[in-house]
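Here's the structure, in structure tokens; my notes come after.
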Amino acid sequence: MSEKDEFRHKADEYKAKAKEGLGKATGNEQWQAEGKTEKSASKLKQAGEKLKDALTPDKKPGGH
Numbered sequence: 007m008s009e010k011d012e013f014r015h016k017a018d019e020y021k022a023k024a025k026e027g028l029g030k031a032t033g034n035e036q037w038q039a040e041g042k043t044e045k046s047a048s049k050l051k052q053a054g055e056k057l058k059d060a061l062t063p064d065k066k067p068g069g070h
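The sequence shown begins at 7 in the working numbering and counts up by one.
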């Protein structure tokens, strides 16, 4: 996974956690649900990227 993608997915996860927490603090059930959904989607993206990295052969310098 590229560092850019990893950072973006982690940022999305933290944003979702904040949204969920704000929903809990204010009693806004819609924000809580959206935060949980977005957090799950972000974790799924991260898992997919890790799986892709695991299945993709490493490219070593020198073409070996």
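Ideal placement from N, C-alpha and C gives every residue a C-beta, glycine not left out. Computed from a predicted structure; not experimentally measured.
* Cβ contact (3+ pairs, closer than 8 angstroms) linking the stretch 12-29 and the stretch 46-61 -> Under the three-pair Cβ rule at 8 angstroms, the stretch 12-29 counts as touching the stretch 46-61.
* Asked: Is the beta carbon of Q38 less than 8 angstroms from the beta carbon of K30?
  -> Yes, these two residues count as a Cβ contact at 8 angstroms.
* To do: Check the C-beta distance from E26 over to K42 and give it rounded, since I have them as a contact under 8 angstroms.
  => Going by Cβ atoms, the distance from E26 to K42 rounds to 6 angstroms, so yes, they are a contact pair.
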